[in-house]
Every structure is written in structure tokens, then in C-alpha cells.
Amino acid sequence: MMITPFQIAYKNLLRKKVRSVLTLIGIMLSTWVLVSLFGFNRGYETALNRDIENMGYQLMVMAKGCPYEAATMMLQGGKGLRYMDQSMVDQITKEPEVDKVTPILMQAFFDPNKGESGGIAGFYGVDAHSYPAMKPFFRFKKGGWFKDNAADEVVMGYEAAELEQREVGDETIVPEKNVKLKVVGILERTGSQDDGTTFVPLKTLQKISQVDQITTIGIKVKKDADITGLENKLYQLKDVQVVSFSQVKQTIMKLISTARVMVFSIAVVALLIAMVGVINTVLMSVLERRQEIGILKTMGAMPGDVFRLVWTETLILCSLGGVAGILLAVLFSRFTDLLARSILPYAPKGGLVAIDLKLSLLTLVIIVVVGLLSGLYPAWKAGRIRPLESIRGE
Amino acid sequence: MRSICIKILLPLLLLFWSTSALAAVGCDLNNPDRDVPRLFPESTSFKTVYVSIQKMGGPALLKKIEGRLGAQNIALYAPVDVPYTLYEIYKDKKKVGYIHGVNQKGQFGGIQVFIAQDLSGKVKTFYLQKITGAAASKFREAKFARKFEGVTLKDFDHYDPVRGKGSGRIADVPNPSPDLETDYYGILRGLKKNLVLMDEFVFSAERGKP
């Protein structure tokens, strides 16, 4: 039976098992880091896009003032929140770029019977008609939206209902105000912030909190409309500030870019170390087999044949190490996800590491190409061995 | 600075304010480092472990627990694989007890019933972490909590909190807010559920009775 160069190369690698395995481990680890990094790059952006898509709108308009201050106020029980007039909704609707508009009132009430020293219960006042239109992807586990904007009803996100142990038909109460509301709908899980939200009809929440204004306007822009142009127009409105989710996305991506560059640098260094390992292993193997190679040449092997033989060893090492690294990355993607979440300042919901076949193949190609480039020198060196000198030298 | 506020803080707040306000669903102590020494004063450290009916016995165990509680659905939104948080309490290196909480349906919202137990299963401290309603604070008074000190699962042998009928120590605990019957019975059901779960998760196994 004819022995193929592949079999010879494979057997050569088995002759120094420990060295070959260590080289494989090096390639495997660098592949793992590389695949995970590529997967994270794509997964994070997808997850962030999904979070932003789930908002239902691309722009938000709110009363002027530092939002950090607003956040603090909200966490202190909604006192001193900045409001704007509801007539602003009509003004914004007139803009040609605008597809849909929805007014929102956020309110927080202090509940003394939550935890040791009390806690905050947040309510989201939404318009019974325009808000559901912004969130057509909402599915109800049971029930549906409120009848009208002044109904004493609530719709609860899945986690909010879970925490409050509510079912459709149950009552809930607004702390501080002691107003009873009936649960008319419970949403299915969305994997977004809506899961923890309690929605109240806008007018009902305005009545409860004795506020006839709103805190936010959500704006859905028409397809292919000029969002930046609309933003500039909205900035002209009096005492409002505009938040664009494309800006938010850019800002968050910038925030994590440092981490990405660092990890990418580590991946490159790991890859370089692994490839130096490949050169070392194959070169050592070539030097140890000088006599063998010399004999092969005396038997008629051409420099090209020897080159191919040695290069095949590199190919086997890189392919096996690459595949093992990809498998490791897929198996431990959940772990990588958790690790990224613990490090990053902000992580969207859903999987942060998205590894698929295309990405795996791409990484494998990179590893094999870089590996083969590393194997060039040892293979060239092997091809240049002079038969008589090498045999005599032994 | 303002632009940073607008571009980063506000959107993040808006995206996540609801979840931060309603953080973890389940029944964990809000602040274990502060709550454990308060509920178990002689403790010096604690260990958090997670147990689930699924892992401890699956549907058969669920059926057994439901049978002991006399009611189906031991909690709304609690499938068989939901993890329960169990705090093992230590004094120096010696285990001295447990703290465990459950969710129970109340009149206007969820009730979170926590108990600290010694190694024999006797209640040392009773704590309602969360209860909703105008008069709910009466249930959180120390006077009411003290009524449950020393209670064991045996005390529920002669009292059924599902029907609200029976005699003995539990039946003698007065309702501090008579207009909130659902909450009162909810608390008693939550307490029994807590004791039964702890018996299945910990004490039965320690006694060698699977």
C-alpha cells in the first residue's frame, strides 16, 4: 500500500508527542481567543441593536436638564422630575420625517414596605393607542392592552408580574397614593427592559400623580428619512433635549472599543506566540531529521517534495489546533459571555458572543494561512538540506 | 459634561430603569451582607447555595410538595426548575442555621416571606422583605414577626392556611390588619411553604429521609 505524504507527516508529528501536543495547545488557545473575540464583536453589536430596536423608537425628546440629575430624582421617588407640555407631541407629529409619536410619563413612588428601608416602584404612563403601535412585537401571555387612556388598569411586563405575583384580573396598588388598579394584561418575556415595567394608561398616571404633563416623547422615524436633519429641527424646540439611539449606540460602541482593542491585541500576541511555537516545533523536527531527509533526497526526493512534506506537518498542526480552538470557543461561549458581562461597563441583554459556521471557518482559514506562512522557513530549510553533507554529518 | 449626560446616562437610565428598580426576580435577600447579621445575630459568615425542585427530585418532588401544601402551583411563575436561594449561616466555621425566602401571592402584590431557622428547623426570625398595600406595614411590625419565633413545621399539623381553619399556635396568631385577609393568609401560606421547602431541601436529607 502506498504511503501518502500526509501519513508520513502525521507519523513524524507523533514521534515527539509532547512537543506536538504543546504546540497544538498553543494554537488551540490562540484560536479560542480569536473566535471568541470575533464572536463578541458581532454578538455585542447585534444585542445592542436588538435592545435599541425593542425601544420601538429611534429618537426621544425630553425636557432640558441634566439627565443624571433626573435619574437621581427618579430614584428618590420621582420628586422634582422635569416635565414638558403635551402639546409638544402635536408639534413633533407635523414634521415630515416623523412616522409615529408617543407621549410617555415616567413616575416613581416610594414604597415603605419594600426591603428594610423602603424602595421605589416605577410606573410607565403610556398612550393606549400610540404606544402599542410602537411595539407591535409585544405578545401577551394573557389579557391585552387597556381599554382607554383613563382606565384604572395596568399591563405588566413578565418579570414585573412575576415579582408581584399578579395574574390578569388581580389588583395592584400605587404606593404613596394607594390607588388600586386592575391587571388587564401580562406580557410574554421580551428579553428587554419592558419585562420589568408596569404600564399604566397615560391619563390615569397623570391623575394619580397630579401631573398634566409628560416626561418623554418617543419618535419613530419614517423609513429612509433623514434622522440627523430631524434631530436638528427638534433641537430648535424650546426647552427640550433630543436623544438619538443611533448616537447612543455609537457612544456605547466607543465605550467598549478600548476593551475590544485590548483583547484584540492579546489575541494577536497569542497568535504570534502560537506561530513561533509552530516554527520551533517544525524546525526542531527538521533539524533532528537531517539524516532522514538526506536519505530521502538520495532516493530521488526533490526539494519540492521535502518542502511539501514539512509544510503538511504545519498544516496538520494548525488545522487540528484551529478546530479544537473553535470547539472550545463554542463550548465556552456562555462562560465568555459571563466574563464579558462582568468586565464591561454596560452589556445589552441576550447573547454577547455569536459564533456561527461562517465565523468559525473564517477563523480557521486565518489560523491555517498564518500557520502555513510560519511553516515556510522550516519547510524551505528542509528543502535545502544537502543529502551527502547531512548523512556525513551524522 | 451635559452632552455626556445626554448621550450616555439618560439613555442607559431609560433603557434600564425598570429593570434596575425591579432587579432580581425570585426570592433573594436584597442586601445579604446587611440582612444576614440582622436576621441571624450570632452569625459570623454565610454561604449562598442554590437548590431547585428539578435537581432535588423533579416532578415527583413537586407533586410531593404540592401534596404537603394542599395546593397546586406552589408559586405563580415558578416552574419546577426555578432556583431557590438558600443562605447557610455559620458561626466561625460551624454551621448554625439557614435563611430562606419564598414568594407568595398577596392582595395587591407579591409577598416575600423569609425565615431564619436553627439546625433543628425551628424559626428564629421571621421577616417580610416585601408586601404591598396601604396597611401592609402592620404585617411588618416586630410584634407580628415575634409571634412566629420558635414555630416549626409541626405547628402546621393542626392548621390549614389554605382554608384558614384549624387550631394551635398558628391559629392563635391574630391578624394585625383584619381588612387584608388575603395578605394574612398569604403570609401563613408563605410561612408553611417556606418550612415545607426547607424540610424537603435540607432537613429531610439531614435526617436521612429522602
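Line by line, the protein sequences are chains C and P. Residue 21 is where the first sequence starts when you use the working numbering, and the numbers rise one by one after that. Residue 8 is where the second sequence starts when you use the working numbering, and the numbers rise one by one after that. By construction, the Cβ of each residue, glycine as well, lies at the ideal position given by its N, Cα and C atoms.
| field | Collapsed DSSP secondary structure at Lys162 (chain C) in the structure displayed | value | Here the question's residue 162 (chain C) lines up with position 142 in the first sequence. The answer is strand: DSSP assigns Lys162 (chain C) an E or B state.
| Can the beta-carbon of Ile346 (chain C) be found less than 8 Å from the beta-carbon of Leu384 (chain C)? | As a first step, residue 346 (chain C) must be located in the first sequence, where it is residue number 326. As a first step, residue 384 (chain C) must be located in the first sequence, where it is residue number 364. Yes; because the gap between Cβ atoms is below 8 Å, this pair is in contact.
| request: Tell me the start and end of each unbroken beta strand (DSSP E) in the stretch 130-183 of chain C that is at least 3 residues and wholly inside, in chain order. | output: 139-146, 160-163 and 173-176
| task | Going by CA-CA distance only, name the one from C:Ala170, C:Arg35, C:Tyr77 and C:Ala321 that's closest to Lys243 (chain C). | result | The residue you call residue 243 (chain C) lines up with position 223 of the first sequence. Here the closest residue by C-alpha is C:Tyr77.
| request: Use the C-beta contact count for Gly218 (chain P): other C-beta atoms within 10 angstroms, 16 or more gives buried, fewer gives exposed. | output: With chain P running from 8 to 217 in the structure shown, residue 218 (chain P) is simply not present.
| task | Mind reading off the beta-carbon distance from Ile387 (chain C) to Ile45 (chain C)? Whole number of angstroms is fine, and I expect it under 8 Å. | result | To locate residue 387 (chain C), count along the first sequence from 1; it is residue 367. To locate residue 45 (chain C), count along the first sequence from 1; it is residue 25. That belief does not hold up - the Cβ atoms of Ile387 (chain C) and Ile45 (chain C) are roughly 14 Å apart, past 8 Å.
| query | What residues of chain P sit near Pro221 (chain C), judged by a beta carbon separation below 7 Å? | reply | Within the first sequence, residue 221 (chain C) is the residue found at index 201, counting from 1. Result: empty, since nearest Cβ-Cβ is about 17 Å, beyond 7 Å.
| query | Name the chain P residues whose beta carbon is nearer than 8 Å to that of Ile193 (chain C)? | reply | Residue 193 (chain C) sits at position 173 when you count from the first residue of the first sequence. Chain P residues near Ile193 (chain C): Phe115, Gly116, Thr139, Gly140 and Ala141.
| said: With a threshold of 8 Å, are at least 3 pairs of Cβ atoms found where one atom belongs to the stretch 157-164 of chain C and the other to the stretch 131-141 of chain C? | reply: These segments do not touch.
| query | Can you round the beta-carbon distance between Ala67 (chain C) and Leu372 (chain C) to whole angstroms, since I take them to be within the 8 Å contact cut? | reply | The sequence position of residue 67 (chain C) within the first sequence is 47, counting from 1. The sequence position of residue 372 (chain C) within the first sequence is 352, counting from 1. Contact flag correct, Cβ pair sits at about 6 Å.
| field | Those runs of the alpha helix (DSSP H) which lie wholly inside the stretch 248-282 of chain C and span at least 4 residues | value | As far as the stretch 248-282 of chain C is concerned, it has no whole alpha helix (DSSP H) run of at least 4 residues.
| task | Output yes if chain C places a C-beta closer than 8 Å to the C-beta of Gln124 (chain P); else output no. | result | As a working mapping, residue 124 (chain P) is identified with position 117 in the second sequence. No, Gln124 (chain P) lies away from the interface with chain C (no Cβ there is under 8 Å from its Cβ).
| said: Just to check my reading of the structure: Thr139 (chain P) and Phe115 (chain P) have Cβ atoms closer than 8 Å, yes? What is that Cβ distance to the nearest angstrom? | reply: Against the second sequence, residue 139 (chain P) aligns to sequence position 132. Against the second sequence, residue 115 (chain P) aligns to sequence position 108. That belief holds up - the Cβ atoms of Thr139 (chain P) and Phe115 (chain P) are roughly 4 Å apart, short of 8 Å.
| Nearest chain C C-beta to Arg147 (chain P) closer than 8 Å, yes or no? | Your numbering for residue 147 (chain P) matches position 140 in the second sequence. Judged by the 8 Å Cβ criterion, Arg147 (chain P) is in contact with chain C.
| message | Less than 8 Å between CB atoms is the rule here; does Asn252 (chain C) satisfy it with respect to chain P? | response | As a position in the first sequence, residue 252 (chain C) is number 232, starting the count at 1. It does not; no Cβ of chain P falls within 8 Å.
| request: For Ala123 (chain P), write down the residues that DSSP places opposite it in a beta bridge. | output: For the purposes of this step, residue 123 (chain P) is taken as residue 116 along the second sequence, with counting starting at 1. Paired residue(s): P:Ile106 and P:Thr132.
| task | Determine the extent of the beta strand (DSSP E) in which Pro86 (chain P) is found, giving its start and end residues. | result | Taking the first residue of the second sequence as position 1, residue 86 (chain P) is located at position 79. From DSSP, Pro86 (chain P) is part of no beta strand (DSSP E); its letter is neither H nor E.
| task | Please confirm whether Val435 (chain C) and Leu207 (chain C) have their CB atoms less than 8 Å apart. | result | A query on residue 435 (chain C) cannot be resolved here, the shown segment of chain C reaching from 21 to 414 and no further.
| What separation, rounded to the nearest whole angstrom, lies between the Cα atoms of Asn252 (chain C) and Met82 (chain C)? | As a working note, residue 252 (chain C) is residue 232 in the first sequence. As a working note, residue 82 (chain C) is residue 62 in the first sequence. If you take the alpha carbons of Asn252 (chain C) and Met82 (chain C), they lie about 15 Å apart.
| When we look at the beta-carbon of Ser229 (chain C) and count the other beta-carbons within 10 Å, is it buried (16 or more) or exposed? | Taking the first residue of the first sequence as position 1, residue 229 (chain C) is located at position 209. With 16 or more other Cβ atoms within 10 Å, it is buried.
| field | As assigned by DSSP and simplified to three states, the class of Val32 (chain P) | value | The residue given as residue 32 (chain P) occupies position 25 in the second sequence. With a pLDDT of 42 at Val32 (chain P), under the threshold of 50, the modelled position of that residue is not reliable, and no figure is offered here.
| task | Check Gly205 (chain C) in the structure and name its three-state DSSP category. | result | As a first step, residue 205 (chain C) must be located in the first sequence, where it is residue number 185. The answer is strand: DSSP assigns Gly205 (chain C) an E or B state.
| request: Step through the CB atoms of chain P and report whether any lies within less than 8 Å of the CB of Glu182 (chain C). | output: As a working mapping, residue 182 (chain C) is identified with position 162 in the first sequence. With its beta carbon less than 8 Å from one in chain P, Glu182 (chain C) belongs to the interface.
| query | Roughly how many angstroms separate the alpha carbons of Gly341 (chain C) and Met75 (chain C), rounded to a whole number? | reply | By one-based count along the first sequence, residue 341 (chain C) stands at place 321. By one-based count along the first sequence, residue 75 (chain C) stands at place 55. In a straight line, the C-alpha of Gly341 (chain C) is about 42 Å away from that of Met75 (chain C).
| query | In angstroms, rounded to a whole number, what distance separates the CA positions of Val158 (chain P) and Val203 (chain C)? | reply | By 1-based counting over the second sequence, the position of residue 158 (chain P) is 151. By 1-based counting over the first sequence, the position of residue 203 (chain C) is 183. If you take the alpha carbons of Val158 (chain P) and Val203 (chain C), they lie about 35 Å apart.
| Where are the beta strand (DSSP E) runs, 3 residues long or more, that stay fully inside the stretch 334-403 of chain C, in chain order? | Within the stretch 334-403 of chain C, complete beta strand (DSSP E) segments of at least 3 residues are not found at all.
| field | Phe155 (chain P) in three-state terms, based on DSSP | value | Translated into positions along the second sequence, residue 155 (chain P) becomes position 148. It is coil, neither helix nor strand.
| Positions along the stretch 87-112 of chain P whose CB lies within less than 9 Å of some CB in chain C | Asn110, Gln111 and Lys112
| Looking at the unbroken alpha helix (DSSP H) that takes in Gly314 (chain C), where does it start and where does it end? | Walking along the first sequence from the start, residue 314 (chain C) turns up at place 294. Gly314 (chain C) -> alpha helix (DSSP H) spans Arg310 to Thr318.
| query | Secondary structure at Lys31 (chain C), three-state DSSP: helix, strand or coil? | reply | Here residue 31 (chain C) refers to the residue found at position 11 when the first sequence is read from its first residue. If DSSP states are grouped into helix, strand and coil, Lys31 (chain C) belongs with the helices.
| said: I want to see whether chain P comes within less than 8 Å of Lys134 (chain C), judged by CB atoms only; does it? | reply: As a first step, residue 134 (chain C) is located in the first sequence; it is residue number 114 there, counting from the start. It does: the Cβ of Lys134 (chain C) has a partner Cβ on chain P nearer than 8 Å.
| message | Suppose the cutoff is 6 Å on Cβ atoms and the five residues either side in sequence are ignored; what does the same chain contact list for Thr236 (chain C) look like? | response | By one-based count along the first sequence, residue 236 (chain C) stands at place 216. For Thr236 (chain C), where only same-chain residues beyond five positions count, the Cβ hits under 6 Å are Met80, Met82 and Ile124.
| task | Enumerate in chain order the residues of its own chain whose CB-to-CB distance from Glu95 (chain P) is below 7 Å, with the five nearest sequence positions on each side excluded. | result | Here residue 95 (chain P) refers to the residue found at position 88 of the second sequence. Only residues of its own chain outside the window of five on either side were considered, and among them Phe53, Lys54, Val56, Lys102 and Tyr105 have a CB closer than 7 Å to the CB of Glu95 (chain P), listed in chain order.
| query | Excluding five sequence neighbours on each side, which residues of the same chain lie with their C-beta closer than 8 Å to the C-beta of Ser40 (chain C)? | reply | As a working mapping, residue 40 (chain C) is identified with position 20 in the first sequence. If we look at Ser40 (chain C) and ignore the five residues flanking it on each side, its Cβ neighbours are Leu33, Leu34, Thr301 and Leu337.
| Helix or strand or just coil, what does DSSP make of Tyr166 (chain P)? | Sequence index remark: in the second sequence, residue 166 (chain P) carries index 159 (1-based). In this structure, Tyr166 (chain P) counts as strand in the three-state DSSP scheme.
| said: Any beta carbon from chain C within less than 8 Å of Asn37 (chain P)'s own beta carbon? | reply: In the second sequence, residue 37 (chain P) corresponds to position 30, counting from 1. So, interface residue.
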